[in-house]
Structures are given as C-alpha cells and as structure tokens.
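See structure below.
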Amino acid sequence: GEAGTQVIVRLFREKEFEVSLKRELIEIDAIRDIRKVGRAIGYMQIMDFQEKTVQQMDKGLQDLEKQGVKALILDLRNDAGGLMTQAVAMAERFLPAGAKIVSVSSKIDVQSKEHVATGSVRVYDYPVVILVNQFSASASEIFSAAMQDNKRATIVGVKTFGKASVQSVIPLDESSAMKITTARYVSPKGRHIDGVGLVPDVVVEDGAPDNPAAQNQIKAAIAILKDFY
27 GEAGTQVIVR LFREKEFEVS LKRELIEIDA IRDIRKVGRA IGYMQIMDFQ EKTVQQMDKG
87 LQDLEKQGVK ALILDLRNDA GGLMTQAVAM AERFLPAGAK IVSVSSKIDV QSKEHVATGS
147 VRVYDYPVVI LVNQFSASAS EIFSAAMQDN KRATIVGVKT FGKASVQSVI PLDESSAMKI
207 TTARYVSPKG RHIDGVGLVP DVVVEDGAPD NPAAQNQIKA AIAILKDFY
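So that you can map any letter, position 204 of the sequence shown is 230 in this note's numbering, and since no number is skipped, the others follow by simple counting.
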C-alpha cells in the first residue's frame, strides 16, 4: 500500500487480536561501514547497489577526504548486486571520459547497448583496491570488471558468483508468467562473467570473519596500498 496509509494486522497468540499499523517507506543504507584505515587509506563496505548507493558513496568519500584519505578500499564482499545503472554510475566516478564500462549483448536490438564513461561527473583519481568473494554478484561484478579491465583497481579476494544476465518476464495469462534470459553483460574487454565469475588479480582466501581487523583480504589490500598506510 501507499506510505502513510493504515493496515490492519490480525495476530494469533493466546487470544486473537488486531493491530493497526501505519505504512512507512523504510530506507536502508547501502553503505554500512565507512572509516579511515591507517594514515591515509579509506575503507568503505558497500552492501548493495540501490537507488542512492552512489550518492551515499560520494558523501562518504567527501568525509574521508576531509580526514586526509588518498587511497581507497571498496569492500564488495557479500554484495549480491542490485541496479545496473548504479554500477555504471559508480564506475563513472573512477574512469576517464570515453572508457568502456559494460556492454549489454542481446539478440533483441533494443536491449543491446554499450555504456561508456561520459566525464560529466567528478572522477576520483586515487588508488583503489576492491574486495570480492563468492557472494559478490551482478552489479558488483559489473563494476569490478569495469575497474579491472580498465586497470583502474586491483581486485582482491576469491572468484565471484557469476551473475551477469538480464531476465525478462513474459506474461502468459492472468495468473502465470515466464522469466527468460534475454541479454548478458559483457566486460570492457569482452569477457562474459555470467556462469563463470570474476577472477581477482590477487587471490586471497578469507579468514577470521568475526574479526574484520584480522581478515586476510583486508591485510592484502592494505599491503597493496602500503605507501598510504
């Protein structure tokens, strides 16, 4: 229902009763953890690519720059993806005008398209390391592949999930529909990620998930950016 309207929920406990609730729009931050690591390295954990992810990233980077950050770790581990448009917009923040970001390959002409950095936004030029794992998928893979193929970032972690396809829903009747794959995303260098995954530049198995400061992958990222630590 619409935000601000009421809904009646019937609960069954010891006694049956009804509760009136007000519908509200719940916004969940796409970026959960933003902090400075060492002398001049910024760390940012991106949970998914939703409508305001790039906007939140820009704000986070502005705050980090005020703290003297000159290098960046983007943590896309466990990021299952989201909006492809946000992956493209994020890549534009790091790639020069004219750089290829991703191509949509389809037998349906209207779906085929090549996305290229326009140079119409501010481009962050500091060194970047991207962390990925087996649960990094879809939009996070599109962004990571664009950065890797353009030699704009070092990818650290383990091979990603391998979800880089477009599904279309075709209604069959009033109560059923069929979902089929109609296009695939292709990296700037022509790599097909769907069903294959993205192989990191530096393969590092994850360790100590309950202690982020001790994780092997973060240690590897810091080692790559050691001049800023």
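Note that the Cβ used here is the ideal one computed from N, Cα and C, for glycine as well.
For residue i, three-class secondary structure by DSSP
i	result
GLN193	strand
ALA239	Below a pLDDT of 50, predicted positions are generally treated as unreliable, and ALA239, at 48, falls in that range; the measurement from the model is reported next regardless. Three-state result, ALA239: helix.
ILE52	coil
THR144	coil
ILE72	strand
ILE57	strand
ILE67	strand
ALA163	coil
VAL80	helix
Residue i versus residue j: straight-line alpha-carbon distance, rounded
i	j	result
PHE187	LEU224	8 Å
VAL229	VAL33	50 Å
ASP220	ASN104	17 Å
SER138	ALA203	23 Å
LEU90	ILE206	43 Å
PHE38	ILE54	29 Å
LYS252	VAL63	11 Å
ALA240	GLU231	Per-residue confidence for ALA240 stands at a pLDDT of 49, beneath the threshold of 50, marking its modelled position as unreliable; the derived number appears in the next sentence. Rounded to whole angstroms, ALA240 to GLU231 spans 13 Å at the Cα level.
ALA115	VAL130	15 Å
ALA172	THR180	11 Å
GLU77	LEU109	7 Å
ASP84	ALA123	18 Å
THR79	ILE168	15 Å
GLU40	LYS245	53 Å
ILE196	GLY30	33 Å
LYS92	GLY68	11 Å
ASP199	GLN193	19 Å
SER213	VAL95	29 Å
ASP59	SER132	37 Å
ALA117	GLU42	53 Å
ASN242	SER46	49 Å
ASP151	GLY216	25 Å
Contact set for residue i: own chain, Cβ-Cβ below 6 Å, skip 5 residues either direction
i	result
GLN82	ALA56 and ILE57
ARG36	GLU44
SER164	GLY107 and LYS189
SER191	THR207, ARG210 and ASP220
SER166	LEU102, ASP105 and GLY107
ALA125	ALA143 and ASN176
ASP227	THR180 and ILE181
ILE250	VAL155 and THR180
Which residues DSSP lists as bridging residue i, in chain order
i	result
LEU157	ASP101 and VAL182
GLU42	PHE38
GLN32	LYS48
ASP199	SER202
VAL212	SER129 and HIS218
LYS62	GLY68
VAL228	VAL182
Sequence-distant residues of the same chain with beta carbon closer than 8 Å to residue i, five excluded per side
i	result
GLU28	ARG49
LEU121	ILE127, ALA143, VAL149, ALA172, MET173, ASN176 and ARG178
SER170	LEU102, ILE156, VAL158, SER162, ALA179, ILE181, THR186 and LEU224
ASP135	none
GLN112	PHE75, GLN76, GLU77, THR79, VAL80 and ALA165
Nonlocal neighbours in the same chain, by C-beta distance under 7 Å from residue i, ignoring five residues either side
i	result
ALA247	ILE99, VAL155, LEU157 and VAL182
Along the chain, which unbroken stretches of the beta strand (DSSP E) at least 3 residues long are found entirely within the segment 100 to 138?
-> Secondary structure in the segment 100 to 138: the beta strand (DSSP E) runs of 3 residues or longer, each lying completely within the stretch, are 126 to 131 in chain order.
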